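What follows is a set of notes on a single structure, which appears directly below.
In this note's numbering, the protein residues as written are 31 to 748.
Here it is as structure tokens:
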């Protein structure tokens, strides 16, 4: 039991002892009197009159006892309220570790609350569908990742609609706006501006919730009219200034307060002139302190020391601080008591604490938790669906479940969560405006190709990775452990989270394509290694062709090797020699020759200048094109026709295909994908692909008219 619980019990005992004793004596005397009267009843003569008299006496005594019980309950209630008010008036004298959640029992209790040994009273009620407002300051790639874990922990426990107010920089805005838009969690709003509501919960992104955030929101009801800020006391000796010699912290009230979790009454803050007050406080202290050590937390504490009446001290378990020199273990008796964990140590998960394994496992649960499972509706809370949600639901309802291609059509309508720029990304545009980004997609089984690609291509890269939440964390560890990947900041990694039974290859490609930051893109696959120097060669060719003012597609000839260890050719001459020796082959010549036959490898052997080639059925080269080219058709999932359809549309838009005579790329061997295996083993899979091809051609004819008929004719002649 916490110190506050024991303190509160002492106050209650002192306040109630007299009443209880007097009540006990009174009830005892009344009991004896009742017993004496009852002893007399059998002595009465058993007559109708005596029976009536007996009934009247009993009814009178019942009414008397009920009235006495009502008065006793009223006295007990008034005494308890008096004791509670006494505790709140003496709040500032409570030790830092004590729970101060002492409001009247005016709310409901969850099972977790009943089992919470540290928390004596119940949490004030939160209306069933009351919107909870949460604000976070979020900047940069790492903080955006941390924000996702925080949001998962909040969504997991929540039972109320949420409105996130995110104060972000450009990077976090782009990342989180895309993530929430593609997440499509019901009853969740997100705003990227300063919160303007009456009250708001402000959170650091390095915290993890272990309970429903509505419990924290309910504490607003316990603020006095003057209180504007709710904070948990700091759980280290930092502001006491005794951690090391010459340690000189900013001024604070006692141990000060930690700003990892803040309750703010925004309207009250505006009424007291908060912008001017904190600025004056900061300017005054900076005259002697020169700088802050803990940023905004120092300013909050200096302000609170001058204005202690404005702060409401939250119970310590709402911000259990796992920092260096922490005393957080004094805050709780059982780990099940905890509400919010705050990883505010630079060591993060490596911090020392006797319960750190439990805390770490809780954090890792949400870190790798499948966010798709959090898209649940809040039953009983009506929320206005977005136009996108309504449109999606209508499209799903129109699908025929008896259609043999239902699974393919359903996959096309699946909205995947997308986390843009999962790792730090930096790019500076070139002065000539002719820069080109390598664009590719991959899954976990192709991760080993990344280092080799980075060594072969020094220019910017946009990669979309199709992964689960857990695989995303494995990728993060892989990238952080790789010297090659750590040193490359011009690679944009975009996570498309897994959902459904097919690999949405064209959707994943489109994510990488749309988030390239250069005027031109090199559309390739991750299992190809470009020749050394291809980046510079393509930039020069783009300038020579003046591609900004014409419609040209540059074809990079594709080759392959069946050897896992290859001495990569350093020139076209060396590559031709390896072709002649049988070390290399033209790509897919023995499996699918039509895919690259129009490249005309025989002509390429002796060509010294780019040459134009015509489109032919099943042509699927790897190309360089303007970034604002047509997107990939997302009806094609898994294996088959995903690149072919894209090349058809480029040809339909009258792009000229120009084969580059001094460029090449080589496909590296790997195990076949799961989707290829399904295509080869399933007749229905192949039949549905044919159906999708027919529908694609029909859509193409409607879009481009009679000129598109040649594609359907060519396909039927195969």
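Heads up, the beta-carbon is just placed ideally off N, CA and C, and yes, glycines get one too. Model, not experiment: these values are computed from the prediction.
The alpha helix (DSSP H) runs lying completely inside the region 470 to 536 and spanning 4 residues or more are 480 to 486, 499 to 511 and 513 to 516, given in chain order.
If you look at residue 343, you'll find it in the beta strand (DSSP E) that goes 341 to 344. Straight through space, the alpha carbons of residue 481 and residue 566 are spaced by roughly 19 Å. Within the region 642 to 720, the complete alpha helix (DSSP H) segments of 4 residues or longer fall at 672 to 682 and 704 to 711, listed in chain order. Counting only runs of 3+ residues, the beta strand (DSSP E) found wholly inside the region 186 to 268 occupies 192 to 198, 218 to 221, 229 to 233, 237 to 239 and 259 to 263, in chain order.
Runs of the alpha helix (DSSP H) lying entirely within the region 723 to 748 and spanning at least 4 residues, in chain order: 739 to 746.
Cβ contact annotation for residue 470 (same chain, cutoff 7 Å, sequence separation greater than five): 493, 542, 554, 555 and 556, in chain order. Under the three-state reduction of DSSP output, residue 168 falls in the strand class. Contact fails between the region 431 to 446 and the region 192 to 205, because fewer than three Cβ pairs, one in each stretch, are under 8 Å apart. For residue 458, no beta strand (DSSP E) run applies, since DSSP gives it neither H nor E. With distances taken between CA atoms, residue 216 lies nearest to 186 out of 186, 196, 240 and 230.
Apart from the 5 residues on each side of it in sequence, residue 691 sits with its Cβ closer than 7 Å to the Cβ of 634, 637, 638, 639 and 640 in its chain, given in chain order.
For residue 549 and residue 652, the gap between their C-alpha atoms comes out near 17 Å.
With respect to the 8 Å criterion, residue 546 and residue 646 are not classified as neighbours on the basis of their beta carbons. Residue 529 and residue 437 have their C-alpha atoms roughly 13 Å apart. Rounded to the nearest angstrom, the gap between the Cα atoms of residue 648 and residue 631 is 16 Å.
Going by beta carbons, residue 332 and residue 313 fall outside the 8 Å limit. In this structure, residue 464 keeps its C-beta atom at 8 Å or more from the C-beta atom of residue 329. Using a Cβ distance threshold of 8 Å, residue 389 and residue 408 do not count as a contacting pair.
Taking 8 Å as the cut-off, the beta carbon of residue 540 is found no closer than this to the beta carbon of residue 457.
Around the CB of residue 706, fewer than 16 other CB atoms lie within 10 Å, so the residue is classed as exposed. Put simply, of 158, 348, 193 and 405 the residue whose alpha carbon is nearest the alpha carbon of residue 368 is 348. Under the three-state reduction of DSSP, residue 427 is assigned to helix.
Taking the CA atoms as reference points, residue 279 sits about 25 Å from residue 380. By alpha-carbon distance to residue 378, the top candidate from 302, 257, 238 and 195 is 238. Here residue 569 is buried, its C-beta having at least 16 other C-beta atoms within 10 Å.
With a contact defined as Cβ atoms closer than 8 Å, residue 693 and residue 587 qualify at about 7 Å. Two segments are said to touch when three or more pairs of C-beta atoms, one from each, lie closer than 8 Å; by this definition the region 489 to 507 does not touch the region 574 to 593. Under the DSSP assignment, residue 559 falls in the beta strand (DSSP E) whose first and last residues are 558 to 560. The Cβ neighbour count for residue 517, taken over all protein chains shown within 10 Å, is under 16; the residue is labelled exposed. The C-beta distance from residue 559 to residue 698 rounds to 6 Å, short enough to meet the 8 Å contact threshold. Within the model, the alpha-carbon separation for residue 218 versus residue 419 is close to 13 Å. Per DSSP, the unbroken beta strand (DSSP E) holding residue 288 starts and ends at 287 to 295. By the Cβ-count criterion, residue 514 is exposed, with fewer than 16 other Cβ atoms from all chains shown falling within 10 Å of its own Cβ.
A Cβ-Cβ separation of about 5 Å places residue 582 in contact with residue 686 under the 8 Å criterion. Contact between residue 664 and residue 580 does not hold, since their C-beta atoms are separated by about 28 Å, which reaches or exceeds 8 Å.
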